[in-house]
Amino acid sequence: MIVVMKPQSTEEMIQHMIHRVEELGLKAHVIVGTERTVIAAIGDKRNGEQEAIEACEDVEQVLPILAPYKIASLETRSEPTVVEVLDFAAGGPNIGMIAGPCSVESEEQIIGTAHQVKAAGATALRGGAFKPRTSPYSFQGMKEEGLKLLAAARDETGLAVVTEVMAPDQVDLVAQYADVLQIGARNMQNYNLLQAVGETRKAVLLKRGPAATMDEFLLAAEYILDQGNSQVMLCERGIRTFEAHTRFTLPLASVPYLHEKTHLPVIIDPSHGTGYANLVTPMAAAAVAAGCDGMIIEVHPDPAHAFSDGPQSLTPEVFAGLTAQCRKVAAAMGRQLH
Ligand code: PEP
Ligand code: MN
102 MIVVMKPQST EEMIQHMIHR VEELGLKAHV IVGTERTVIA AIGDKRNGEQ EAIEACEDVE
162 QVLPILAPYK IASLETRSEP TVVEVLDFAA GGPNIGMIAG PCSVESEEQI IGTAHQVKAA
222 GATALRGGAF KPRTSPYSFQ GMKEEGLKLL AAARDETGLA VVTEVMAPDQ VDLVAQYADV
282 LQIGARNMQN YNLLQAVGET RKAVLLKRGP AATMDEFLLA AEYILDQGNS QVMLCERGIR
342 TFEAHTRFTL PLASVPYLHE KTHLPVIIDP SHGTGYANLV TPMAAAAVAA GCDGMIIEVH
402 PDPAHAFSDG PQSLTPEVFA GLTAQCRKVA AAMGRQLH
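Numbering (the numbering used here), first residue to last: 102 to 439.
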């Protein structure tokens, strides 16, 4: 990091700062300018050294050079991480297609949808069994019964199962049935939950919190990676803004931004990101053009009767149109849908 001293710092203040930098285990390299002195503090430390130095009275500003996250950073691994489960693959040349209903509602609904999304080109099936609902009076999911139906759908179709886990004490149960553990947007900063999924060796789909910055998002991924689980996908699902024409605002610039910072695959969720079925296909195609490594799409056989998120759910037929369009954009980008 670069430590910029306040103007008119005395030699004594500078010596004191050099001592403090060295005390923190870093090497100090002093650059004396005409107006100000700058100290380059060298060494790969990310354990609060910046804050310790910022707290010093004679310091005007501290500029970090290394990202605050380490394992997630491109600084430590330049090859893209490819997350692969059964036929699903995201990262590198692969664009992984996850599709299915917001919630598992019945055997007929989930098995039927699984066959239809598979026929349209999906390689993973989504479906919530534990649902984080804004209202405690809304449908809360079929819980373990829903997990069993998802596993049955995988047995019939070969699709990898992506489903949400909401609490650390549910991780073992959900991991028995799921291939990918989804961390919902509301839980992005539930650090105990992040560590618990990090202890498993299941792939994780980490959704961005609707008010989280990119650094907070990447540091949340770091909690999982730090437990030894390298199979982490970052999912941009839209953030909360003043804008009301969509349910959330879906920032597709997250894709190229994250690709400059991390080797982890970036998945786009245009269903929650827009909230309206008619906006999903154009945003999915745009996400592929922006370089995303996968997408997660809500598909329901009868959106008007869905237990949750009907307005943003595509029918299987419309989803087939989405994959056909995304496949063309992917080919133009030198990628393939998986
Ligand atoms: C979901 O995927 O159905 C869901 C609840 O998503 P999010 O956590 O992004 O709101
Ligand atoms: Mn949903």
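Backbone N, C-alpha and C fix where the C-beta goes; we use that ideal spot for every residue, glycine too.
These figures come from a predicted structure and were not determined experimentally.
When you compare only the Cα positions, how much space is there between residue i and residue j?
i: A61; j: E124; result: In this structure the chain extends from 102 to 439, so residue 61 is not present and cannot be described.
i: T177; j: A168; result: 10 Å
i: G144; j: D316; result: 21 Å
i: C336; j: N195; result: 15 Å
i: A254; j: V184; result: 21 Å
i: A268; j: V133; result: 53 Å
i: A312; j: R348; result: 14 Å
i: S207; j: A385; result: 27 Å
i: A425; j: A433; result: 13 Å
i: Q116; j: E158; result: 14 Å
i: K107; j: M114; result: 10 Å
i: T350; j: G374; result: 6 Å
i: N379; j: P402; result: 16 Å
i: E136; j: V160; result: 14 Å
i: A252; j: S372; result: 23 Å
i: A391; j: I119; result: 45 Å
i: T182; j: I325; result: 14 Å
i: A153; j: L127; result: 12 Å
i: Y358; j: Q290; result: 21 Å
i: V163; j: V105; result: 6 Å
i: I284; j: C427; result: 25 Å
Just tell me which of the options has its CA closest to the CA of residue i.
i: A321; options: T347, P352, R287, L351; result: R287
i: C393; options: R227, T258, L250, V430; result: V430
i: G411; options: G193, G192, C203; result: C203
i: T138; options: S110, Q151, L164, R121; result: S110
i: Q437; options: V281, Y377, D188; result: D188
i: V262; options: P233, L319, A405, A200; result: A200
i: G329; options: L306, I172, A407, N291; result: I172
i: S174; options: D327, H346, C427, G376; result: D327
i: S331; options: N293, G395, V281; result: V281
i: L307; options: E265, A345, T301; result: E265
i: A388; options: Q217, F408, M198, F343; result: M198
i: R442; options: T314, V356, L319, E323; result: Nothing about residue 442 can be read from this structure; the chain reaches only from 102 to 439.
i: G435; options: G193, E180, D256; result: G193
Which of helix, strand or coil does DSSP assign to residue i?
i: T214; result: helix
i: Q79; result: Because the chain is modelled from 102 through 439, residue 79 falls outside the range shown and cannot be assessed.
i: G193; result: coil
i: E185; result: strand
i: C336; result: strand
i: A142; result: strand
i: K219; result: helix
i: S207; result: coil
i: K308; result: strand
i: M396; result: strand
i: M114; result: helix
i: M384; result: helix
i: L167; result: coil
i: I199; result: strand
i: G259; result: coil
Under 9 Å, Cβ to Cβ, is there at least one residue of chain D near residue i?
i: E150; result: In the structure shown, chain D cannot be found, because there is only a single protein chain.
Mind the definition here: the stretch 419-429 touches the stretch 228-247 only if three or more C-beta pairs lie below 8 Å; say whether that holds.
-> The stretch 419-429 is not in contact with the stretch 228-247.
Tell me, please, whether the stretch 288-302 touches the stretch 137-152 by the rule of three or more beta-carbon pairs shorter than 8 Å.
-> no
Can you pull every residue whose C-beta falls closer than 5 Å to some heavy atom of the ligand MN, listed in chain order?
-> C203, D410
Does the stretch 221-234 come within contact of the stretch 357-367, defined as at least 3 CB pairs closer than 8 Å?
-> no
Would you say the stretch 269-280 touches the stretch 207-220, given that touching needs at least three Cβ pairs under 8 Å?
-> no
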